[in-house]
Structures are given as C-alpha cells and as structure tokens.
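Q:
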Amino acid sequence: MSVRLEASSLSVGYGERLVVDTLDLSVLGGTVTAVIGPNGCGKSTLLKALGRLLPARSGAVLLDGKQIERMATRDVARVLGMLPQAPSAPEGLTVADLVARGRHPHQSWYRQWSSEDAAAVDAALEMTGISDLAERTVDELSGGQRQRAWISMALAQGTDLLLLDEPTTYLDLAHQIDVLDLVQELHAVMGRTIVMVLHDLNLAARYADVIVAMRDGRIVAQGTPAEVLTESMLLDVFGLDARVVEDPVAGTPLVVPVGSRHRLP
Amino acid sequence: MTALRVGVTSFKLRRRPLMVVAVALVLLAAVLVVDIMIGDFPLTAAQVVDALFGGGTRRDQFVVMELRMPRALTGLLVGGALGLSGAIFQAIVRNPLASPDILGVTWGAGAGAVSVITFAGSLGVVTGSAAAYGLPLAGLAGGLTAGLLVYALAWRQGIEGFRMVLVGIGITAVAGNFTHYLLTVGDVQDAGRAMVWITGSLNGRGWEHVVPVALALLVLIPVALIGGHVLGALQFDDQTSRGLGVRVNWARSCLIIVAIVLASVATAAAGPIAFVALATPQIALRLAGTAQPPLFGSVVIGGVLVMLSDLVARTVYRVELPVGVVTAVLGAPYLMFLLVRSRREARV
Chain A
0 MSVRLEASSL
10 SVGYGERLVV
20 DTLDLSVLGG
30 TVTAVIGPNG
40 CGKSTLLKAL
50 GRLLPARSGA
60 VLLDGKQIER
70 MATRDVARVL
80 GMLPQAPSAP
90 EGLTVADLVA
100 RGRHPHQSWY
110 RQWSSEDAAA
120 VDAALEMTGI
130 SDLAERTVDE
140 LSGGQRQRAW
150 ISMALAQGTD
160 LLLLDEPTTY
170 LDLAHQIDVL
180 DLVQELHAVM
190 GRTIVMVLHD
200 LNLAARYADV
210 IVAMRDGRIV
220 AQGTPAEVLT
230 ESMLLDVFGL
240 DARVVEDPVA
250 GTPLVVPVGS
260 RHRLP
Chain B
0 MTALRVGVTS
10 FKLRRRPLMV
20 VAVALVLLAA
30 VLVVDIMIGD
40 FPLTAAQVVD
50 ALFGGGTRRD
60 QFVVMELRMP
70 RALTGLLVGG
80 ALGLSGAIFQ
90 AIVRNPLASP
100 DILGVTWGAG
110 AGAVSVITFA
120 GSLGVVTGSA
130 AAYGLPLAGL
140 AGGLTAGLLV
150 YALAWRQGIE
160 GFRMVLVGIG
170 ITAVAGNFTH
180 YLLTVGDVQD
190 AGRAMVWITG
200 SLNGRGWEHV
210 VPVALALLVL
220 IPVALIGGHV
230 LGALQFDDQT
240 SRGLGVRVNW
250 ARSCLIIVAI
260 VLASVATAAA
270 GPIAFVALAT
280 PQIALRLAGT
290 AQPPLFGSVV
300 IGGVLVMLSD
310 LVARTVYRVE
320 LPVGVVTAVL
330 GAPYLMFLLV
340 RSRREARV
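If you read the protein sequences in the order shown, they are chains A and B. By numbering that gives the first Met the number 0, the letter at position 130 of the first sequence is numbered 129, and the numbering carries on one by one without gaps. By numbering that gives the first Met the number 0, the letter at position 104 of the second sequence is numbered 103, and the numbering carries on one by one without gaps.
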C-alpha cells in the first residue's frame, strides 16, 4: 500500500488563529480513515486543507507525492473528490443534473457530454440506488436521499480518493448506517481511498480502518479503532468519562459514556 | 437526455430549451418584420421581405433599410446583450434580483452620458460627431467604471454574490444622484435631452448605432457561451465548485467582466433600458424549465422583448415614446413580485 495523501508539518488557519498546527498525517491507498475529535478541534479544517479548499499557512499537502498547491485545480479534481459538510445546490436542479455536474473536471466547452460522462453518471446513480429519483429535483428529496445524491455526484467525478466532511449529519440513525454502508461498499468493491470526518465514535469504530483523533489542531492518537478508542484517550481528547466495551455485533470498540447521573461518588 | 457527438466534441441536447430557442427565433423574425411594416409609411409583409432581400421600390428600400431596419436591429441587439448580461449575472450571483440595473452598471452609464450632455452641451459643442460617438462612448466608460468599481469594492479574497448586490445598490444610488445633480445644474434643453437618454430610447437609431453593438455581440456571445460551460459547476457553494475543479474566483471574475461589458455596450447604444436584463433570464429559465438561466435563450428572448416594447412604444400613443417607458411599465410590477416572493421565502 502506498501513501496517497500526506500532510507534512501542515499548519492552516483563519486570520490570526492557527486551527491546524504543524500536523503530520499519511493516508494509505485503499483505506478508510475517520477523523474524530471534539467540536472546533480542526478536523473539518484539516479535511479542507487536504482537499485544497484551504491554503496551507506552512508545511504542505502532498497528493501522490506532488505538492497539491502547485497542481492545477482541474488535475486535483480528477484524482480527489470532496464532499463539503453542507453543500448547496441551486433551486430546481434535478438529481440527474446534479450528478452530471460531477463530470465537470473531465469536460471542456467543446466536450460537454461524452459517452463516458453518460456512463459514469448512470453508474453513480445505480451504485447509490437513486436511479429512479433521477428526474426529481434535489430540494424535494428527503435528507437521506439528498445525501445519496451528493455522494453520487462525488462518485460520478470518478476519483479514487474521496474526502467526506460529516456525511451523516442531519440524518437519523438508520440513514447514517445506510450512508456508511454505501461508503463501505465504495471502499470494498471499488477500492476507493476514503477520508471522512465523523462525529459518532461507535460508527467510526465500525466503518474505519484507521482512526485519527485530534485535539487543538494536533493529532493526539492514530491507529486501528482498538488502538485509538481507549478510555484514557476519551478522557484526554474529549474530557469524557466513558467505558469502552466490545461491540456485540462487529467486535469493534463500543463507547459507553458514564454521565453525571451514573458517576460513582 | 440525448447527446450530439461528433469526434471529440459532444453536447447535451435537451428538448425543451431547444424548442424554446427555436420558437423564440421564429417570433424574433416575425416581430422584426412587423416592426418594420408599421410606421408613417405602412408596408405589407411582402414589401418588407422584398426590400430586405434587395428588391422593391427605391422608396421601400429607403424606408426599410435606412429608417426602420437600423432601429429594429439596434433594439434586437441591445435586447440580446442585456438578456445575456442579466443571465450571466444571475447565474453567478444565484439571485434573480442580480442584473446590471441593480449592480450599478446602467446608472454608471447614465451618469457618463449625462455628463457629456450637460457639460459639452452648455459649451455648445455636442452636435454631429460629439453626439453620435461622444455620448455612447461616455456611456460605455461610465458603465464600465461603475461595474468595475462594484467589482473591486465587493472583492474580499473573492467575489461573493450577495455582497456584490449590496455594493451595487450603493453605487447605483451614487451614480443616480450624480445624474440628478447634473440635470438640475444643466441647461433646460440639455436636461430634456438627457432625460430621454436616461429613459432608454431607440429613436433615430441608425447603422452607426448598430455596428458597435453588433461587433461587441459577435465577440462576446461566443466568449460567453464558451465560458458559460463553467457556469453549471459554479452553481454550488464555493467549496463544492472548487472540488469540481473550477478556479472559482478566476472563472467568476472573467464572466462578470464579460457581463459588465455587454451591459455597458448595450446602454451606450440605447440608454439604460430598464428591467430587460432583470426579467429576460427569468422568463427564459421558466420557459426552458432549467435550474439556471439559459444563455442563448436569454439572448433571443431579450431581443424579442426590446423589439416588442419598442413597437408598443412607438404605436400606442400619438407621439413616439422612449422604449424604456414601456419596459419600465412592464418591469416594475415584475420587480415588486420578485421582492414580495423573496421576502416570503425568507420568512419560511
């Protein structure tokens, strides 16, 4: 397995404030990485910097060994797809059109709809199970369907690296599982490399090969879910008093928070 | 969805937008002929078509080719330019309220032209070539200045639509007040002529007005249609657009400059004809059933709108009215509808 995406002494910030502070990270090809951490720890910012949506203050992001900031925007978009946290689409856009926009990095003004474009869009709709919604507009979809449509667009882009910023926000548990099963399938069937920010630790434990725990713009722990999700890490990173038991279904770590009501005096 | 594919080129073909363009083109031709038929020397459709292809009597030739054709063509081209400009602005700003009228370009052009009328006029030199070229050139310069000023003032590490609308409203107010100041200090006769100009009029337009707009459109329509390919991927939030490989600020800047030039050239030729750039893209969008204003459809429908309005303006009353009066009468209720609708949406 080779390193696909790498952050080397990466610092990113807004204005005066550094949100990601001299951070090093290597993402191996064909893995699913989940970035976890408390609110404001810089995990979304890290993901944006990895996807070249934010410039590095110092250090660099390397995509397949090349400095991402020196690459053409379009070339990056052919290799790396990014789904922001709350993407917005224009009113009245149909699902088919939304997914078709994913083909943009492969198109030009004289080459707007090649047969590869059509095939990629059909495949992406099929894979996300929304072929029958193709003619509906994005605004009339339910939350779960809409998220599938956006993922479908990222799929149509045909990149083997996918960055997903909290793909499960605003979804109920059943739909969260639904979306993560889809992510799992992309990984298992199509060999995509995926980096995602997740809030739910138990879902991160289930669906990720590697978990990266962040606090105050730095990586505190990284490794397999069993290595990272420990009681001491939870206390250290989240300030959370919790027990970690074995997930009865998957065998992965299961975080059970204690809470003040059950805390022993 | 079918596609047209020849060699490495490929295009999407959608039935409804294509039908809209086809029907609008037929309508455009029909309105052009009717517009040329009607006037002090009424002509039949056959006489008009004859004269257009070089036949007919010398009198018919003169009336069609020298008197009415330039005016109709100016209207058609100005409408097309305004429609396209509005469509680009609205697609980029993602707001149906965005148009050169609101973004300061139109009033900037007005201020430029009225400066020439009042200052040059009181010195007694705004005749002949100064009136024919000075006025449109000053309008062009004013429109470009105002548009680029809005663009520069709204720039904060990038261009964001809503900020541009707000800055545009400010510049519109400044340019509008400056224009009114000029009207009050100027000579009465000059003020009268200036008023006609800032209403937007096609009276007495000759071939010298047609040529500059035609040249500008000849260059800018292909540029806009080529650049417009990016518009689809620019319809999202900045992050999504950039993720799709769009150089967001660069693409937006280029397209906005094209739209500013289009609106300025149009305004220089016929004065600030109100509401055409605002309403055309939305009409085209609703007819075509697309999520963003169709560019070519907006060109054709803009042309139809201005020619029709001018036809109404010069036939509805004893004297010929400026075309801007008609577009304003039609456009004002539309603007109110837009405002009411957007307020209602904001409340939900």
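A virtual CB, placed ideally from N, CA and C, is assigned to each residue, including glycine. Predicted, not measured: the structure shown is a model, and the values here were computed from it.
Give me the subset of the stretch 109–125 of chain A whose CB atoms are less than 8 Å from a CB atom of chain B, sorted by chain position.
A: If the cut-off is 8 Å between Cβ atoms, the stretch 109–125 of chain A has 109, 110, 111, 112, 113, 114, 116, 117 near chain B.
Q: To the nearest angstrom, how far is the alpha carbon of residue 146/A from that of residue 258/A?
A: Near 32 Å, if we compare the C-alpha coordinates of residue 258/A and residue 146/A.
Q: For a minimum of 4 consecutive residues, which ranges assigned as the alpha helix (DSSP H) are wholly contained in the stretch 282–342 of chain B?
A: Listed in chain order, they are 294–314.
Q: Assuming residue 108/B and residue 85/B are in contact, meaning their beta carbons sit under 8 Å apart, how far apart are those beta carbons, in whole angstroms?
A: So it is not a contact: roughly 15 Å between Cβ atoms.
Q: Would you identify the three-state DSSP class for residue 178/B, choosing helix, strand or coil?
A: Helix.
Q: Once DSSP output is grouped into helix, strand and coil, what is the label at residue 198/B?
A: Note: residue 198/B maps to helix in three-state DSSP.
Q: Taking 9 Å as the CB-CB limit, is residue 90/A close to chain B?
A: Yes, contact with chain B.
Q: For my contact list, residue 321/B and residue 195/B are in at a C-beta cut-off of 8 Å; report their separation, rounded to the angstrom.
A: Contact holds; Cβ gap of about 6 Å.
Q: Between which two residues does the beta strand (DSSP E) holding residue 32/A run?
A: Per DSSP, residue 32/A belongs to the beta strand (DSSP E) from 31–35.
Q: At what residue ranges does the stretch 90–154 of chain B contain a whole run of the alpha helix (DSSP H), taking only runs of 4 or more?
A: For the stretch 90–154 of chain B, whole alpha helix (DSSP H) runs of length 4 or above, ordered along the chain, are 104–114, 134–152.
Q: Could you work out which residue in 262/A, 62/A, 162/A, 126/A is closest to residue 148/A when comparing CA atoms only?
A: Looking at the Cα atoms, 126/A is the closest of the given residues.
Q: Residue 163/B bridges to which residues according to DSSP?
A: Partner(s): none; residue 163/B has no beta bridge.
Q: When you check each C-beta in the stretch 219–243 of chain B against every C-beta of chain A, which residues fall closer than 7 Å?
A: Per Cβ criterion, the list reads 225, 228, 231, 232, 234, 235, 236, 238, 239, 241, 242, 243.
Q: Using the Cα positions of residue 121/B and residue 18/B, report the straight-line distance between them to the nearest angstrom.
A: In this prediction, residue 121/B has a pLDDT of 47, which is less than 50 and means its spatial position is unreliable; nothing more can be read from the coordinates.
Q: Compare the Cα-Cα distances from residue 283/B to each of 37/B, 81/B, 8/B and report the closest residue.
A: Taking only the C-alpha atoms, the option nearest residue 283/B is 81/B.
Q: Which same chain residues end up closer than 8 Å to residue 94/A when comparing Cβ atoms and leaving out the 5 residues on each side of it in sequence?
A: Cβ within range, chain order: 124, 129, 132, 133, 134, 135, 136, 137, 140, 148, 151.
Q: What residues of chain B sit near residue 192/A, judged by a beta carbon separation below 8 Å?
A: Result: empty, since nearest Cβ-Cβ is about 16 Å, beyond 8 Å.
Q: For residue 80/B, decide whether its Cβ has a neighbour in chain A, counting only Cβ atoms nearer than 9 Å.
A: Answer no: the Cβ-Cβ gap between residue 80/B and chain A never drops below 9 Å.
Q: Tell me which same chain residues have a C-beta within less than 8 Å of the C-beta of residue 124/B, skipping the five on either side of it?
A: Bear in mind that the predicted position of residue 124/B carries a pLDDT of just 48, short of 50, making it too unreliable to give a figure here.
Q: Taking the alpha helix (DSSP H) that residue 219/B falls in, what are its first and last residues?
A: Looking at the DSSP string, the run of the alpha helix (DSSP H) that includes residue 219/B is 206–226.
Q: The stretch 289–306 of chain B: which residues have C-beta closer than 7 Å to a C-beta of chain A, in chain order?
A: Residues 290, 291.
Q: Counting along the chain, where does the beta strand (DSSP E) carrying residue 23/A start and finish?
A: Unbroken beta strand (DSSP E) run through residue 23/A: 16–27.
Q: What do you reckon, are the CB atoms on residue 160/B and residue 302/B nearer than 9 Å?
A: It is not a contact, given that the beta carbons lie outside the stated cut-off.
Q: Taking C-alpha atoms, which residue in 27/B, 110/B, 267/B lies nearest to residue 182/B?
A: Of the candidates 27/B, 110/B, 267/B, the one whose C-alpha sits nearest the C-alpha of residue 182/B is 110/B.
Q: If the criterion is Cβ atoms closer than 9 Å, does the pair residue 111/A and residue 228/B meet it?
A: In contact: residue 111/A and residue 228/B (Cβ atoms closer than 9 Å).
Q: Roughly how many angstroms lie between the CA atoms of residue 175/B and residue 181/A, to the nearest whole one?
A: Roughly 57 Å between the two C-alpha positions.
Q: Residues of the stretch 94–111 of chain B with a CB closer than 7 Å to any CB of chain A: list them in chain order, please.
A: The stretch 94–111 of chain B vs chain A, Cβ under 7 Å: nothing.
Q: How about residue 103/B and residue 35/B: are their beta carbons less than 9 Å apart?
A: Not in contact: residue 103/B and residue 35/B (Cβ atoms no closer than 9 Å).
Q: Can you pull the chain A residues whose beta carbon is under 7 Å from the beta carbon of residue 10/B, in chain order?
A: Here the neighbours are 111, 112.
Q: Going along chain A in order, which residues have a C-beta closer than 7 Å to the C-beta of residue 246/B?
A: In chain order: 72.
Q: By a C-beta neighbour count over all protein chains shown, 10 Å radius and 16 as the cutoff for buried, is residue 250/A buried or exposed?
A: Its Cβ having fewer than 16 others within 10 Å, residue 250/A is exposed.
Q: Can you tell me whether residue 235/B is buried or exposed? The criterion is at least 16 other CB atoms within 10 Å of its CB, across all chains shown.
A: It is buried - the Cβ of residue 235/B has at least 16 other Cβ atoms within 10 Å.
Q: In chain A, which residues lie with their C-beta within 9 Å of the C-beta of residue 287/B?
A: Residues of chain A passing the Cβ test: none, with the nearest at roughly 11 Å.
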